[in-house]
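Just so we're aligned, residue 11 is where the sequence shown starts under the numbering used here, counting upward by one.
Where is the CB? At the ideal position from N, CA and C, for every residue including glycine.
Note sheet for the following structure.
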Amino acid sequence: ELCVDTKTPIYAWAIMTNHAHILLRSSEMGLSGFMRRLLTGYAVSYNRRHRR
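Right, here's the structure in full:
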């Protein structure tokens, strides 16, 4: 959903044990805006899952 909403294509990704790699082309909102939305969504999901 985020990629469609922000028109940011992701070409490849890899999730490691302590970090992640993402190959993408940034859109008009810029890389920082995309990462902010991505990580905020992850934090909300994590906190719900762990009842925090």
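Checklist entry - Considering only the beta carbon of each residue, do I20 and L34 sit closer than 7 Å? => result yes
Item to check | 7 Å Cβ shell around C13 - same chain, five flanking residues per side excluded | outcome: P19 and I20
Item to check | Cβ-based neighbour list, E38, same chain, cut-off 8 Å, excluding 5 preceding and 5 following | outcome: K17
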